[in-house]
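Asks: Handing you this structure, nothing more for now.
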Amino acid sequence: FLLIQLCIGAPIEMPKKRFPTAIIVGVKKAGTRALLEFLRLNPHVKAPGPEVHFFDKNFHKGLEWYREQMPLTTSDDVTIEKSPAYFHSKNAPERIKALNPNTKIIIVVRDPITRAISDYTQASSKRKRLGLMPSFEDMAVGDCAVWLKANCSSKVRGVNAGWGAIRIGVYHKHMKRWLEHFPFENIHLVDGEQLIKSPAHEVSATERFLGLKPTVKPSNFGVDPVKKFPCVRRSDGELHCLGKTKGRPHPDVRPEVLEMLKDFYVPENQKFFQMINRRFFWDS
Ligand code: A3P
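Residue numbering for the sequence shown is -9 to -1, 1 to 275, as defined by mature numbering (1 follows the signal peptide of the UniProt record, and there is no 0).
As structure tokens, then:
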């Protein structure tokens, strides 16, 4: 690259580490890893490998530490960071705004019931083996005196609304904070269900939001024959799928518990749809 620039006499720009201009702030378990991996098909999208968690857990490490986590980029590139816990963090919106009020905010949302089951599945993947994890049903609607001592006052329409897996899915409560700090046109919502069914469509829309020429096409994807999730099709035709921690099988949930969750989430989702002036076609 440098050699070509030298040969054609173009000014040389040395790659350097820059703060992100766009952040995938959430929502946890809505498909944030898939979105980032698919965006990386665009050669101008650059991102650190692991989640940085600067604006929630690592803020005390300082801005230079944060910059150091970023990849080397030129001015043609877009640096993106993804830390899905920012969405429900009280401090993240204010802190991101203080660093750069023009930061582009990307939020992947999916049916909050599926999201809660996915969250539980992840949390239980270690603890269940040790026999320490109650069932999803017990956590979501069970006797809070037994499982959720701290949240006994938080039953809403029969659901343990104080349990993190449920609380994160009350999207309007978190979204309110983002809208208090960022103009709506700086926030891009990705439909996590469509990201599974039609990844190229969601990724192109995100490329456009980032100010990039869309390069990602349906031919860039194939479907995992076992998990049925989309995977990147490499130039040699091989499928590159996300790791074993993505696309885990979910536990069956009794229909009456799903109904209770639906009754709980429908009014919350309505508030979210009104807030963003858009609706998603979820079960709840
Ligand atoms: P499950 O593993 O519970 O099915 P995140 O990356 O935000 O943690 O989200 C993980 C979820 O993304 C997965 O949850 C899965 O449902 C969803 N997902 C979306 N696209 C996917 C893909 N291409 N491969 C695997 N999982 C995908």
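Every residue gets a Cβ at the ideal spot worked out from N, C-alpha and C, and that includes glycine.
Distance check for I3 and N268, CA to CA, integer angstroms please.
Replies: The alpha-carbon atoms of N268 and I3 are separated by roughly 45 Å.
Asks: Just how far apart, CA to CA, sit E171 and H165?
Replies: Rounded to whole angstroms, E171 to H165 spans 10 Å at the Cα level.
Asks: Let me check understanding here. Comparing Cα to Cα, which of V36, A13, K48 and T23 lies closest to D68?
Replies: Among V36, A13, K48 and T23, the Cα nearest to that of D68 belongs to V36.
Asks: Look up D182 in the DSSP assignment and say whether it is helix, strand or coil.
Replies: Here D182 sits in strand by DSSP.
Asks: Assign H79 to one of two classes, buried (16 or more other C-beta atoms within 10 Å of its C-beta) or exposed (fewer than that).
Replies: Counting Cβ neighbours within 10 Å, H79 comes out buried, since at least 16 surround it.
Asks: Per DSSP, which residues does T70 bridge with? Please list them.
Replies: The partner list for T70 (beta bridge, DSSP) reads K37.
Asks: For G17, which of helix, strand or coil comes out of DSSP?
Replies: Here G17 sits in strand by DSSP.
Asks: Taking 7 Å as the cut-off, is the beta-carbon of S189 closer than that to any non-hydrogen atom of the ligand A3P?
Replies: Checking every heavy atom of the ligand A3P against the Cβ of S189, none is found closer than 7 Å.
Asks: Put N91 into one of helix, strand or coil per three-state DSSP.
Replies: The answer is coil: DSSP assigns N91 none of H, G, I, E or B.
Asks: Quick one: using the 10 Å Cβ neighbour count with 16 as the cut-off for buried, is N151 buried or exposed?
Replies: Buried, by the Cβ-count rule.
Asks: May I ask which residues mark the beginning and end of the beta strand (DSSP E) holding R224?
Replies: Here the beta strand (DSSP E) through R224 covers P221 to R224.
Asks: Which ranges would you report for the alpha helix (DSSP H) in the region 229 to 273 if only whole runs of at least 4 residues count?
Replies: Runs found: 246 to 267.
Asks: Using the three-state DSSP reduction, which class does N82 fall into: helix, strand or coil?
Replies: Coil, per DSSP.
Asks: Which same chain residues, not among the five before or five after N91, have their C-beta less than 8 Å away from its C-beta?
Replies: Cβ within range, chain order: F10 and T12.
Asks: Is the Cβ of R118 closer than 8 Å to any Cβ of chain C?
Replies: Absent here is chain C; the protein component of the structure consists of one chain.
Asks: For the candidate residues R245, D274 and W273, whose alpha-carbon lies nearest to that of G133?
Replies: Considering only alpha carbons, the answer is R245.
Asks: What residues in its chain sit with their C-beta under 8 Å from that of Q113, if we drop five residues either side in the sequence?
Replies: If we look at Q113 and ignore the five residues flanking it on each side, its Cβ neighbours are K20, T236 and R239.
Asks: If I measure Cβ to Cβ from E28 and keep anything under 8 Å in the same chain, skipping five residues before and after, which residues do I get?
Replies: Taken in chain order, the residues that qualify are V223 and L233.
Asks: Can you look up L26 in the DSSP assignment and give me helix, strand or coil?
Replies: Helix at L26.
Asks: For the ligand A3P, I want to know if S195 counts as a neighbour, meaning its beta carbon is within less than 7 Å of at least one of the ligand's heavy atoms.
Replies: Not so, every heavy atom of the ligand A3P lies at least 7 Å from the Cβ.
Asks: Just checking my contact of V16 with I96 at CB under 8 Å: how many whole Å lie between their CB atoms?
Replies: Indeed, because the Cβ distance is near 6 Å, the residues count as touching under 8 Å.
Asks: Exposed or buried, M130, counting other C-beta atoms within 10 Å across all chains shown (16 or more means buried)?
Replies: M130 comes out buried.
Asks: Would the beta-carbon of H241 be found less than 7 Å away from any heavy atom of the ligand A3P?
Replies: H241 Cβ: within cutoff of the ligand A3P.
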